[in-house]
Amino acid sequence: GTDMIIVHPGGWYCNQNDKEIRMKNSIESLIQIASYAKEQSVKVAVENMPKEFLTDDIETMKIILHEIRKSRKLNNTLGLCLDTGHANLTENLIDYLELMGDEILTMHVHDNFGDRKNDRQTASDDLHLLPGEGNTNWDMFFKKLDNNYNGGFIFEPIAKNAGNGSGIEHCNIILENLKNLLNSGKFLKN
């Protein structure tokens with residue numbers, strides 16, 4: 005019942021050899037996923053990841069997308085899910101917009117304070133704050149965002165100061181914070 009799935013292409017890697025093995029495995033898996041998705045008329049969006057995870061850099065993302073596409077002519081089936089928080093951690097958000105803007109099918113939108121070199125294996129710097137609560141340059145983001153982009157903005161915040169409340173309480177906090185953000189005009193100016 006969906007028209008798109010988003011895939012994390014692989015997890016944390018220890019060293020360059022591990023990264024190459026994970027990349028090969030990711031490509032093989034994504035070829036199978038994208039082939040099946042094509043039969044179902046579903047697009048596959050590969051997500052950029054935090055530092056020391058597969059696709060933490062644009063070149064790796066380009067290689068993976070290229071290898072998948074050339075294997076079975078999957079051009080119209082495959083693209084990028086730009087995760088703004090992950091790109092802020094890797095300091096390549098604007099580069100993604102400039103170099104791969106036409107590849108972006110959808111976005112995961114959240115904020116953080118960049119890579120503070122905390123535990124990368126658990127991506128502990130990936131705070132999932134609402135836009136404007138971290139240090140992402142949202143003005144530059146919107147300046148560089150292609151006017152032709154018509155994909156979604158999927159907000160991925162985690163409720164701050166929610167304590168051990170229920171899922172409903174967390175959702176209510178997130179919704180209230182999102183309402184305040186949108187009403188402030190900081191995130192969407194037009």
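Under the numbering used here, the first residue of the sequence shown is numbered 5, with each subsequent residue one higher.
Glycine is no exception: its CB is placed at the ideal position from the N, C-alpha and C atoms.
Run of the beta strand (DSSP E) containing residue i, from where it starts to where it stops
| i | result |
| --- | --- |
| residue 111 | 108-113 |
| residue 68 | Premise fails: residue 68 lies in the alpha helix (DSSP H), 62-76, not in any beta strand (DSSP E). |
| residue 82 | 82-87 |
Three-state class that DSSP yields for residue i in the structure shown
| i | result |
| --- | --- |
| residue 97 | helix |
| residue 47 | strand |
| residue 155 | coil |
| residue 178 | helix |
| residue 31 | helix |
| residue 8 | strand |
| residue 186 | helix |
| residue 58 | coil |
Contact belief for residue i with residue j at Cβ below 8 Å, rounded distance in angstroms
| i | j | result |
| --- | --- | --- |
| residue 62 | residue 96 | 6 Å |
Beta-carbon gap between residue i and residue j smaller than 7 Å
| i | j | result |
| --- | --- | --- |
| residue 59 | residue 85 | no |
| residue 68 | residue 82 | no |
| residue 139 | residue 117 | yes |
| residue 50 | residue 113 | no |
| residue 13 | residue 39 | no |
| residue 4 | residue 35 | It is not possible to answer for residue 4, since the shown part of the chain is limited to 5 through 194. |
| residue 156 | residue 130 | no |
| residue 115 | residue 133 | yes |
Contact set for residue i: own chain, Cβ-Cβ below 7 Å, skip 5 residues either direction
| i | result |
| --- | --- |
| residue 55 | 93, 94, 119 and 124 |
| residue 77 | none |
Element boundaries [alpha helix (DSSP H), containing residue i]
| i | result |
| --- | --- |
| residue 143 | 142-148 |
Close Cβ partners of residue i (< 8 Å) along its chain, the five nearest in sequence each way excluded
| i | result |
| --- | --- |
| residue 79 | 73 |
| residue 24 | none |
Residue i beta carbon near the ligand COA (any heavy atom closer than 6 Å)
| i | result |
| --- | --- |
| residue 86 | No copy of the ligand COA occurs in the structure displayed, which carries no ligand at all. |
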